[in-house]
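Heads up: the structure comes next, in structure tokens.
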């Protein structure tokens, strides 16, 4: 993240840029200078996730109750001293940064492979040096912070721009994060989350003015420096030869600096002593070897310009760079609007397709979901044959792209009703929904990495397991009521009491569980979402057995009687790699529930499937190990008789629903091993895929055609 090599340079070569500060004292000083104004810190939440996740156990699917408690303590530490926090989450991956996103996902795949190799070799969790954040941490952190009463916002582009813009425009105390881009933006002070001591509120402030002093630059030069060094927009290799040339001619090489440090000094000297001589007289392309990368380079510089700011290095905006100014509400005041310029290429281009290694279980790097991988100019989705009319916002007009002031580019969407898109956008910005606006505005979503073993052939890819659900959601959001999909106008805008039942029907249809509606109505509200998810999983994945079901149900029931302290103190005999995958699979299912619930107009309250209410990684792992060893249900339920009745009721509902889909859940003793490392039933594959999803215009309902209509597809789960 951020500028290549700058973090190490600041830490090792220019420590005077880092100043130890106390946030409580800064807040008091800020309030004395601005009476009546609450000191506010803007938090780049995505940078903070790994620092917030303090539970010792991370391998089993997440210690969510413990994590929620840690977030509550974090918030309390600031609110106690009168500091307001505003949390920003990434809402989109910008196309310019897609390649970098893919590189990170590939890197994560390699890290995940190392993690599973360690687990199978040592039967224990790896050290913190191999830490990988639990699946769903970002999305559920949003909902956790909202539950704690915090103002939580989701960006319409990558969050760093909106964080920097908000901090500048609202005169904030500073930005809390861990991204050197905040040294480049000309905005409020930048504080390090990694150096934060929560008890004292001491941390490190990184000063961009002192950085400029060390490099002989001006603040307005920093975006140019960033692009020449490489960042999330400009690939590091683009100017490698230029950097080498600058280093070769640099006469002040310092022996106590590493090569990257000297490169930064050499590039800075070239900017200050060479480029500054011709600033205002020559264009950058006349002074730098931009070649065919000119448009991208200018775009990189412009990406750091906040509203109202200009760069002395930009004579004019290149034709291929059009600023899309979107007005979004960035606080709870509906009358307060903020203008966020977003840079976009005016040409519609094909999205980066899904990158799938045929031998790898990891479906990521998934740049876009394969079923929505293209932006097609007539609104046509290749897989679903949906021809939704394009819609442009009437208030947005095209202006001269060469105008230096930010202009508004036509925003093209696939939704015909602007009211619907406005609702989706509002829910997105205020972090109240998940992925709905991404699908409706850009026809793409990201399926990020999760803990699954690519060498374990017994379980299909997690992204592939939930793909039928995503497909039905795409039809619901993009189908324009074709193929029998319910109307979004009814689901989202109608306040009649009977509409709530239709919302629930739609949610169940997305999971192909319409035939189990009556059984699910009998389940207590705190467990019905989990019950719905378990039915779907056991119908879809044939390699899930009765022992797995017992473990899932037992942990959900026992969790209700556990305190956070009891969960923290729970110790495991060893770590099982299959249990690790199942824990991650369930949590990924909870994120899928968040998507479906959002798309259907919120038939269920979000709290019903928040993981701290229904899942604990270590507790599930304990129940899995016990169930695998053949322990009785009574032992799994810790001899609690009241839980025993509820256990059998839940099990009966799930098994009955699965039987309707010709899926009989059996114990592991009924299974035979096809080959080493794979469990499977004779005569069937381990993954079922629905053949009931209809393309619009074919005269079929988008829902299932009744029980028993799923067909087996030979080894389709192994690789698609």
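In our numbering, the protein residues as written are 1190 to 1909.
C-beta: ideal position from N, C-alpha, C; glycine also.
Can you find the residues in the same chain that come closer than 6 Å, C-beta to C-beta, to residue i, ignoring five residues on each side of it along the sequence?
i: residue 1797; result: 1718
i: residue 1773; result: 1250, 1324, 1639 and 1640
i: residue 1692; result: 1680, 1789, 1790 and 1792
i: residue 1417; result: 1428 and 1456
i: residue 1411; result: 1373
i: residue 1419; result: 1193 and 1425
Where do the N-terminal and C-terminal ends of the alpha helix (DSSP H) with residue i fall, by residue?
i: residue 1725; result: 1714 to 1729
i: residue 1433; result: 1429 to 1438
i: residue 1825; result: 1822 to 1825
i: residue 1290; result: 1287 to 1311
i: residue 1910; result: With the chain represented from 1190 up to 1909, any question about residue 1910 goes unanswered, as that position is not in the structure.
i: residue 1693; result: 1686 to 1699
i: residue 1249; result: It is not in any alpha helix (DSSP H) - residue 1249 carries neither H nor E in the DSSP assignment.
i: residue 1421; result: From DSSP, residue 1421 is part of no alpha helix (DSSP H); its letter is neither H nor E.
i: residue 1758; result: 1753 to 1758
i: residue 1675; result: Looking at the DSSP string, residue 1675 is not in any alpha helix (DSSP H), and its letter there is neither H nor E.
Return the CA-CA distance between residue i and residue j, expressed in angstroms with no decimal places.
i: residue 1746; j: residue 1739; result: 11 Å
i: residue 1713; j: residue 1842; result: 12 Å
i: residue 1194; j: residue 1781; result: 37 Å
i: residue 1415; j: residue 1460; result: 12 Å
i: residue 1486; j: residue 1306; result: 41 Å
i: residue 1565; j: residue 1645; result: In this prediction, residue 1565 has a pLDDT of 27, which is less than 50 and means its spatial position is unreliable; what the coordinates show is noted afterwards. Distance between the alpha carbons of residue 1565 and residue 1645 is about 37 Å.
i: residue 1742; j: residue 1198; result: 51 Å
i: residue 1647; j: residue 1732; result: 7 Å
i: residue 1500; j: residue 1365; result: 25 Å
i: residue 1666; j: residue 1614; result: 13 Å
i: residue 1871; j: residue 1308; result: Bear in mind that a pLDDT of 32 at residue 1871, under 50, signals an unreliable position, so the number given afterwards is only what the model happens to contain. Near 29 Å, if we compare the C-alpha coordinates of residue 1308 and residue 1871.
i: residue 1345; j: residue 1351; result: 8 Å
i: residue 1663; j: residue 1288; result: 25 Å
i: residue 1767; j: residue 1761; result: 15 Å
i: residue 1759; j: residue 1749; result: 15 Å
i: residue 1200; j: residue 1407; result: 20 Å
i: residue 1380; j: residue 1397; result: 11 Å
i: residue 1865; j: residue 1248; result: Bear in mind that a pLDDT of 38 at residue 1865, under 50, signals an unreliable position, so the number given afterwards is only what the model happens to contain. If I take the Cα positions, the gap works out to 24 Å.
i: residue 1356; j: residue 1496; result: 12 Å
i: residue 1384; j: residue 1695; result: 47 Å
i: residue 1814; j: residue 1778; result: 21 Å
i: residue 1478; j: residue 1430; result: 10 Å
i: residue 1465; j: residue 1474; result: 14 Å
i: residue 1700; j: residue 1657; result: 8 Å
i: residue 1255; j: residue 1274; result: 21 Å
i: residue 1621; j: residue 1409; result: 37 Å
i: residue 1950; j: residue 1610; result: Because the chain in this structure spans residues 1190 to 1909, residue 1950 falls outside the shown range and cannot be described.
i: residue 1207; j: residue 1722; result: 48 Å
i: residue 1856; j: residue 1838; result: 18 Å
i: residue 1816; j: residue 1830; result: 18 Å
i: residue 1205; j: residue 1463; result: 27 Å
i: residue 1629; j: residue 1637; result: 19 Å
Across which residues does DSSP place residue i in a beta bridge pair?
i: residue 1207; result: 1395
i: residue 1232; result: 1276 and 1365
i: residue 1342; result: 1277
i: residue 1386; result: 1391
Excluding the 5 residues preceding and the 5 following residue i in the sequence, name in chain order all residues of the same chain whose CB lies nearer than 7 Å to its CB.
i: residue 1498; result: 1375
i: residue 1302; result: 1643
i: residue 1333; result: 1257 and 1260
i: residue 1246; result: 1252, 1314, 1806 and 1807
i: residue 1844; result: 1854
i: residue 1619; result: 1342
i: residue 1708; result: 1842, 1845 and 1846
i: residue 1753; result: 1254, 1255 and 1258
i: residue 1234; result: 1276, 1277, 1278 and 1330
Following the continuous beta strand (DSSP E) through residue i, name the residue where it begins and the one where it ends.
i: residue 1243; result: No beta strand (DSSP E) contains residue 1243, which DSSP labels as neither H nor E.
i: residue 1381; result: 1379 to 1381
Who are the near neighbours of residue i in its chain, counting only those whose CB is closer than 8 Å to its CB and skipping five residues on each side?
i: residue 1360; result: 1223, 1226 and 1377
i: residue 1811; result: 1744, 1759 and 1761
i: residue 1184; result: No information on residue 1184 is available, as it lies outside the stretch 1190 to 1909 that the chain covers here.
In chain order, what are the residue ranges of uninterrupted beta strand (DSSP E) at least 3 long that sit wholly in the stretch 1612 to 1639? Runs of the beta strand (DSSP E) inside the stretch 1612 to 1639: none found.
Where in the stretch 1448 to 1485 do unbroken runs of the alpha helix (DSSP H), each at least 4 residues long, occur, reported from the N-terminal end onward? Runs of the alpha helix (DSSP H) inside the stretch 1448 to 1485: 1448 to 1462 and 1473 to 1476.
At 4 residues or longer, and completely inside the stretch 1786 to 1824: list those alpha helix (DSSP H) runs for me, N to C. DSSP runs (the alpha helix (DSSP H)) wholly in the stretch 1786 to 1824: 1800 to 1803 and 1806 to 1817.
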